[in-house]
Structures are given as structure tokens and as C-alpha cells.
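Chemist:
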Amino acid sequence: MKKGMSFLLIALLLVSAFSIYSWWQCKEKNNEMLKDAYTEFEINRWELEHIGASFEYILQNNASNEVIFLYAVNYRDHVRRL
């Protein structure tokens, strides 16, 4: 009887340890995914902001239609990649 109880207790402890370890791994993976998503969002936001500022600059300096069209096409292509 005592051997059966001690075996059950050891089995429960092992299952509990495995469960805690799996939960910890899942938490770490989730944190890493959140960091990656935030970093990608910030990089894309910064790039689009920079492209928008460049576009505004060329419009204020009366750029030719060809240059404006080139910037508009580049802006469109960049947004499509996002």
C-alpha cells in the first residue's frame, strides 16, 4: 500500500513539474511573439512615416510629375508589402 501511494505521489510530482515547465515555455514563446510583433509594427510605422515625410517634402518643393509619380508608386508598393 505504501509503495503504491509513494509511486502515485512521485508520478503526480513529475506530471506537475512537466506541466509547470510546459507552461513556462509557452509563456516565454508568447512574450517573444509579442516582442516580434511590436518591433515589426514600429519598423513599418517608422518607414511609412519617413516615406510620407519625403513625399511631403517633394510636394512642397514643386517636384515634377515624374518624380511625384515615382514616389507615389514606391509608397504604394511599400504599403502593399505590409
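Quick note, my numbering runs 997 ahead of the 1-based positions in the sequence shown.
Quick reminder that beta carbons are idealized off the backbone N, C-alpha and C, glycines included.
Being a predicted model, the structure only gives us computed values, none of them experimental.
1) For a quick check, are the C-beta atoms of I1055 and Y1068 less than 7 Å apart?
2) Please report the distance separating the alpha-carbon of N1071 from that of R1077.
3) May I have the straight-line CA-CA distance separating E1029 from N1058, to the nearest angstrom?
4) Taking only three categories from DSSP, how would you classify S1061?
Modeler: By the coordinates alone:
1) Yes, these two residues count as a Cβ contact at 7 Å.
2) A straight-line Cα-Cα distance of about 10 Å links N1071 and R1077.
3) Looking at the two C-alpha atoms, the distance is approximately 44 Å.
4) Correct three-state label for S1061: coil.
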